[in-house]
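Visitor: Sharing a structure below in structure tokens format, with a few things to ask.
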Amino acid sequence: MPKPQTITKYGFTDQDKLLVDANVWLLIYGPQKPGDHRVKVYSDALKRILSAQSRVYIDVLIVSEFINTYARIKWQLISPNINFKQFRQSSQFQLVAQDIASDTRRMLKHCTRINNGFESLPMNTLLNTYAAGHSDFNDQVLIALCQKAGLKLVTDDADFKGQNISIITSNRKLLK
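Structural data, given as structure tokens:
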């Protein structure tokens with residue numbers, strides 16, 4: 696099993712094939728908590744990735760998680776006293792949706808879209824693992840994609856600890 700690499704020390708090259716997780720894109724382009732040191736760490740890493748001309752891939756699950764999580768963060772900040780569906784139908788959400796679309800476009804301009812191979816995923820295995828309560832379903836799909844396409848996952852999500860994929864991160868829980 697590959698040992699996770701520290702993102703601040705990782706030397707990106709034009710040979711790297713990277714899948715950047717939604718949580719990293721949210722730190723770079725989403726709404727952030729003031730003082731979150733990870734914003735600078737991952738923003739600096741993106742600059743190094745682009746400078747090295749590493750290949751950055753993205754799939755629809757990451758885009759969907761980015762958009763939906765971004766919207767929910769803004770809802771909690773702006774209108775937590777109404778339910779999320781009411782917020783999405785409000786005039787306040789229209790401006791939020793425009794910001795999300797703009798930031799998603801900024802994210803996508805760095806990426807090549809990749810198919811996650813849904814039609815060939817071992818669904819029974821994924822569902823059994825999910826049913827056991829040990830793994831997020833989308834995380835399992837991303838792991839399978841990384842394994843199939845030879846991608847390194849850039850993530851801050853500790854849930855990927857112990858998976859048989861190459862990980863680049865600043866999350867101490869993954870680096871232990």
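Each position in the sequence shown, counted from 1, maps to that position plus 695 in my numbering.
Note that beta-carbon positions come from the ideal geometry of N, C-alpha and C, so glycine has one too.
Because the structure is a prediction, the values reported are computed rather than measured.
Of the choices 853, 721, 703, 782, whose alpha-carbon is the least far from that of residue 803?
Guide: Walking along the sequence shown from the start, residue 803 turns up at place 108. Out of 853, 721, 703, 782, 721 has the C-alpha closest to the C-alpha of residue 803.
Visitor: How would you label residue 739, buried or exposed, when you count the other beta carbons within 10 angstroms and need 16 or more for buried?
Guide: Taking the first residue of the sequence shown as position 1, residue 739 is located at position 44. Looking at its Cβ environment, which holds fewer than 16 other Cβ atoms inside 10 Å, residue 739 is exposed.
Visitor: If we ignore side chains and look at the alpha-carbon of each, how far apart do residue 735 and residue 815 end up?
Guide: Sequence index remark: in the sequence shown, residue 735 carries index 40 (1-based). Sequence index remark: in the sequence shown, residue 815 carries index 120 (1-based). Computed Cα separation, rounded: 37 angstroms.
Visitor: Taking its Cβ as the centre, do 16 or more other Cβ atoms sit within 10 Å of residue 709, making it buried, or is it exposed?
Guide: Translated into positions along the sequence shown, residue 709 becomes position 14. The residue in question, residue 709, is exposed, as its Cβ has fewer than 16 Cβ neighbours within 10 Å.
Visitor: Look up residue 824 in the DSSP assignment and say whether it is helix, strand or coil.
Guide: Position 129 of the sequence shown, counted from the first residue, corresponds to residue 824. Helix at residue 824.
Visitor: Any idea what DSSP makes of residue 860, helix, strand or coil?
Guide: One-based indexing of the sequence shown puts residue 860 at position 165. Residue state, collapsed to three classes: coil.
Visitor: Check residue 700 in the structure and name its three-state DSSP category.
Guide: One-based indexing of the sequence shown puts residue 700 at position 5. Here residue 700 sits in strand by DSSP.
Visitor: Going residue by residue through the segment 791-823, where are the continuous alpha helix (DSSP H) segments of at least 4 residues, counting only ones entirely within it?
Guide: List check, alpha helix (DSSP H) in window: nothing returned.
Visitor: Kindly give me the distance between the Cβ atoms of residue 719 and residue 705, rounded to whole angstroms, as I take these residues to be in contact under 8 angstroms.
Guide: On the sequence shown, position 24 is the one that residue 719 refers to. On the sequence shown, position 10 is the one that residue 705 refers to. Residue 719 to residue 705, Cβ: 13 angstroms. No contact.
Visitor: Just the Cα atoms here: how many angstroms apart are residue 715 and residue 787?
Guide: Counting from 1 along the sequence shown, the entry for residue 715 is found at position 20. Counting from 1 along the sequence shown, the entry for residue 787 is found at position 92. If you take the alpha carbons of residue 715 and residue 787, they lie about 30 angstroms apart.
Visitor: If contacts are defined as beta-carbon pairs under 8 angstroms, then residue 697 and residue 860 qualify, I think. What distance do you get, rounded to the angstrom?
Guide: Taking the sequence shown and counting its residues from 1, the one referred to as residue 697 is at position 2. Taking the sequence shown and counting its residues from 1, the one referred to as residue 860 is at position 165. About 7 angstroms separates the two Cβ atoms, so the contact holds.
Visitor: Measuring alpha carbon to alpha carbon, tell me which residue in 798, 711, 871, 780 is nearest residue 723.
Guide: On the sequence shown, residue 723 is found 28 positions in, with the first residue counted as 1. Each of 798, 711, 871, 780 was checked against the Cα of residue 723, and the nearest Cα belongs to 798.
Visitor: Going by beta carbon distance, what residues of the same chain come within less than 7 angstroms of residue 707, once the five residues before and after it are set aside?
Guide: Position 12 of the sequence shown holds residue 707. Counting only Cβ-Cβ distances below 7 angstroms, and skipping sequence neighbours, we find 743, 744, 747, 749.
Visitor: The beta strand (DSSP E) with residue 752 in it runs from where to where?
Guide: Your numbering for residue 752 matches position 57 in the sequence shown. Run containing residue 752: 750-753, per the beta strand (DSSP E) assignment.
Visitor: Flag this pair as yes or no: are the beta carbons of residue 839 and residue 712 separated by less than 9 angstroms?
Guide: Along the sequence shown, read from residue 1 onward, the residue named residue 839 stands at position 144. Along the sequence shown, read from residue 1 onward, the residue named residue 712 stands at position 17. Cβ distance not < 9 angstroms, so residue 839 and residue 712 don't count as in contact.
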